[in-house]
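**Student:** After the structure tokens below, expect a handful of questions from me.
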Amino acid sequence: MPALPDPDLIALCLEGRQEAWEALVDRYADLVHGIGRRSGLDDAAAEDLVQDVFVLLWRHLGRLKARERLAGWVAQTARREAWRRRRRGRNRKERDEAVGREALRDEGEADDPVEAAEQRHLLRRALATLGERCRALLDALFLRGLESYDEVSSELDMPVGSIGPTRRRCLERMLDALGELGFPVDGVSTAGGTASDGVKATRRSPRR
Amino acid sequence: MTRPDPDRLLAALGSVTRGEAVAGPDATLALARRLVAARHGLAKDPPCPASARRRALSIFRPRPTSWLEALAALTFDSWQGAAAPARGADLERLVRFEHAGTAIDLQLALHDNRGEASIAVEGLPLGGRVQVRAADGRVLADAALDERDTAHVAWTGANDVVFAVTDEDGEVLCTPPLSRGGA
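Residue numbers (this note's numbering), protein chains in the order written: chain A, 60 to 267; chain B, 41 to 223.
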């Protein structure tokens, strides 16, 4: 059931299937909590926000018009409810501190903080479809930019010769998953592009 | 939808992560920036605590699918033990109805052709409204539940009334007809 698309889970919830609701909570709790924390809410308020948003989701399940766009609805609702909670802050100082902590999006993310949150969520789901080794390989790339095959080989205990093909295959699988989930991977130039794309030719040849 | 070339995307991802990529309109580079930013954002977000997940899970309860299923059952009536002569008097009466984890408590004062009630609802995911209806379906009173899921209503025009709890999706709980004579 955790692998079912959102519209199917919603339909099952409306039929009274508790495990479908559990799957939705598993899928979206991190997204809501993350938005709460980025909105400047403290731990307790972020937990309350999770409950608020799922209560609203429960109430609106039967009336959601675009069930396949549930991630966007959840992100938008979480942001709005977080803002309301902040506004109800007990005093001006707390409100000001909360606003000062606000960091709804990171550098390089989509301009719209809701869209940025949704993209983080979709990437989390896409990575979750991959095996442990694939995730580790891609994380080495995403988080540390590891290019030296020796470094990757040492860190992940993989033969140097398998790193290139495996990482390429993992990336393709992640792109497949992202595409299915609706992450914007379109409009990207096809193979054979030139060096005029703005990416510096910095890729090092793997040391073998 | 055009799929990105994995080799070019790999190169772009590495460049973006190391801060080597220069700005440009290229779509592969833009995708690489989105992916790297999203992954870094994920790494910063703490996971949702188990306690918050449990609270979210507890919200679920099957919805009543029809009026009949939503009909609450009487679980307590302070009049049940009252002496017969007192049953017609203008006395306050406490009644509790339950259905599928939802309950409605009524503190009733029923008079001839009018009445008033303090209402407390338990087990609703969120507040809603309470309606007092006559036997013919007319709405005699309507009040929103407050933040504590309580309300007070007064009405005139009927001796037998039904209390119905509604939310935005419709009716979630309804009592059988209540009158001065019994539940």
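Heads up, the beta-carbon is just placed ideally off N, CA and C, and yes, glycines get one too.
Run through chain B and tell me which residues come within less than 8 Å of A:Val-84, C-beta to C-beta.
**Tutor:** Neighbours of A:Val-84 on chain B, chain order: Arg-93, Ala-96, Leu-97.
**Student:** So within the segment 175-229 of chain A, which uninterrupted alpha helix (DSSP H) runs reach at least 4 residues, ignoring any that extend past its ends?
**Tutor:** Taking only runs of at least 4 residues, the alpha helix (DSSP H) segments lying wholly in the segment 175-229 of chain A are 191-203, 208-215.
**Student:** May I ask you to list, following chain order, the residues of the segment 62-88 of chain A that have a beta carbon less than 8 Å from some beta carbon of chain B?
**Tutor:** So the list reads Cys-72, Leu-73, Gly-75, Gln-77, Trp-80, Glu-81, Val-84, Asp-85, Ala-88, given in the order they occur along the chain.
**Student:** Which first and last residues belong to the alpha helix (DSSP H) in which A:Gly-241 is found?
**Tutor:** Taken as a continuous stretch (DSSP letters only), A:Gly-241 belongs to no alpha helix (DSSP H), as it is neither H nor E.
**Student:** Roughly how many whole angstroms lie between the Cα atoms of A:Trp-117 and A:Leu-230?
**Tutor:** The straight-line gap from Cα to Cα measures roughly 35 Å.
**Student:** Write down the C-beta distance between B:Leu-111 and B:His-139 rounded to the nearest angstrom, noting that I regard them as a contact closer than 8 Å.
**Tutor:** Yes, they are in contact, since the Cβ atoms of B:Leu-111 and B:His-139 sit about 7 Å apart, within 8 Å.
**Student:** I'd like to know whether the C-beta atoms of A:Ala-141 and A:Leu-181 end up nearer to each other than 8 Å.
**Tutor:** No, Cβ-Cβ distance for A:Ala-141 and A:Leu-181 is not below 8 Å.
**Student:** I want to know whether the segment 90-102 of chain B touches the segment 82-97 of chain A - three or more CB-CB distances under 8 Å.
**Tutor:** The segment 90-102 of chain B is in contact with the segment 82-97 of chain A.
**Student:** Below 8 Å on C-beta distance, what does B:Ala-83 contact in chain A?
**Tutor:** What B:Ala-83 touches in chain A: Leu-202.
**Student:** Between A:Leu-186, A:Ala-104, A:Leu-200, A:Ser-212, which lies nearest to A:Phe-242 when the distance is taken from Cα to Cα?
**Tutor:** Comparing Cα positions, the closest option is A:Leu-186.
**Student:** Is A:Glu-81 helix, strand or coil by DSSP?
**Tutor:** Here A:Glu-81 sits in helix by DSSP.
**Student:** For the beta strand (DSSP E) holding B:Thr-57, just list the boundary residues, first then last.
**Tutor:** Careful: B:Thr-57 lies outside any beta strand (DSSP E), inside the alpha helix (DSSP H) at 46-57.
**Student:** Taking the DSSP output, what are the residues bridged to B:Cys-214?
**Tutor:** Bridge partners of B:Cys-214: B:Leu-111, B:Ala-204.
**Student:** Would B:Gly-54 be called buried (16 or more neighbouring beta carbons within 10 Å of its own) or exposed?
**Tutor:** Classification for B:Gly-54: buried.
**Student:** Please list the partners that B:Asp-117 has in chain A, where partner means a Cβ-to-Cβ separation under 9 Å.
**Tutor:** In chain order: nothing, as chain A lies at least about 30 Å away.
**Student:** Please state whether DSSP places B:Ala-175 in a helix, a strand or coil.
**Tutor:** Coil at B:Ala-175, not helix or strand.
**Student:** What are the residues of the segment 100-111 of chain A that lie near chain B, defined by any Cβ-Cβ distance shorter than 7 Å?
**Tutor:** Here the close residues are Glu-106, Val-109, Gln-110.
**Student:** Only counting runs of 4 or more residues, tell me where the alpha helix (DSSP H) segments fall wholly within the segment 82-117 of chain A, in order along the chain.
**Tutor:** Runs found: none.
**Student:** Pop quiz: A:Arg-96 and B:Pro-86 are said to be a contact at Cβ under 8 Å. What is the actual Cβ separation, rounded to whole angstroms?
**Tutor:** The Cβ separation is near 7 Å, so the contact holds.
**Student:** Please tell me whether A:Leu-182 has its Cβ less than 8 Å away from any Cβ of chain B.
**Tutor:** Yes, A:Leu-182 lies at the interface with chain B (some Cβ there is under 8 Å from its Cβ).
**Student:** Give a yes or no on whether the minimum CB-CB distance between A:Gly-131 and chain B is below 8 Å.
**Tutor:** Chain B contact via Cβ: absent.
**Student:** So if DSSP puts B:Phe-116 in a beta bridge, which residue, or which two residues, is it bridged to?
**Tutor:** B:Phe-116 is bridged to B:Arg-136.
**Student:** Only counting the same chain, and skipping five residues up and downstream in sequence, which positions put a Cβ closer than 6 Å to that of B:Val-56?
**Tutor:** Around B:Val-56: Ala-72, Arg-73, Val-76.
**Student:** I need the DSSP call for B:Glu-187, collapsed to helix, strand or coil.
**Tutor:** DSSP places B:Glu-187 in coil when its eight states are reduced to three.
**Student:** Inspect the beta-carbon positions of A:Gly-48 and A:Leu-63 and report whether they are closer than 8 Å.
**Tutor:** Because chain A here runs from 60 to 267, residue 48 of chain A falls outside it and cannot be looked at.
**Student:** If we count the other Cβ atoms within 10 Å of its Cβ and call it buried at 16 or more, is A:Ala-82 buried or exposed?
**Tutor:** Counting Cβ neighbours within 10 Å, A:Ala-82 comes out buried, since at least 16 surround it.
**Student:** Please tell me whether A:Leu-189 has its Cβ less than 8 Å away from any Cβ of chain B.
**Tutor:** Not one chain B Cβ lies under 8 Å of A:Leu-189.
**Student:** Apply the 10 Å Cβ neighbour rule to A:Glu-106 and answer buried if 16 or more other Cβ atoms are within range, or exposed otherwise.
**Tutor:** That one is buried.
**Student:** Is the Cβ of B:His-151 closer than 8 Å to any Cβ of chain A?
**Tutor:** Judged by the 8 Å Cβ criterion, B:His-151 is not in contact with chain A.
**Student:** Nearest to B:Asp-152 by CA position, among B:Arg-58, B:Ala-52, B:Trp-195, is which residue?
**Tutor:** It is B:Trp-195 whose Cα lies nearest to the Cα of B:Asp-152.
**Student:** If you draw a straight line from the alpha carbon of B:Lys-84 to that of A:Ala-175, how long is it in whole angstroms?
**Tutor:** So the alpha carbons of these two residues sit roughly 14 Å apart.
**Student:** Can the beta-carbon of B:Val-135 be found closer than 8 Å to that of B:Leu-150?
**Tutor:** No, the pair does not count as a contact, with Cβ atoms beyond the cut-off.
**Student:** Could you check which residue in B:Glu-156, B:Asn-199, B:Leu-146 has the C-alpha nearest to that of B:Ala-175?
**Tutor:** When each option's Cα is compared against that of B:Ala-175, the closest is B:Asn-199.
**Student:** Ordered along the chain, which non-local residues of its own chain (more than five positions away) have a Cβ less than 7 Å from that of A:Arg-228?
**Tutor:** Excluding residues within five positions, none has a Cβ falling inside 7 Å.
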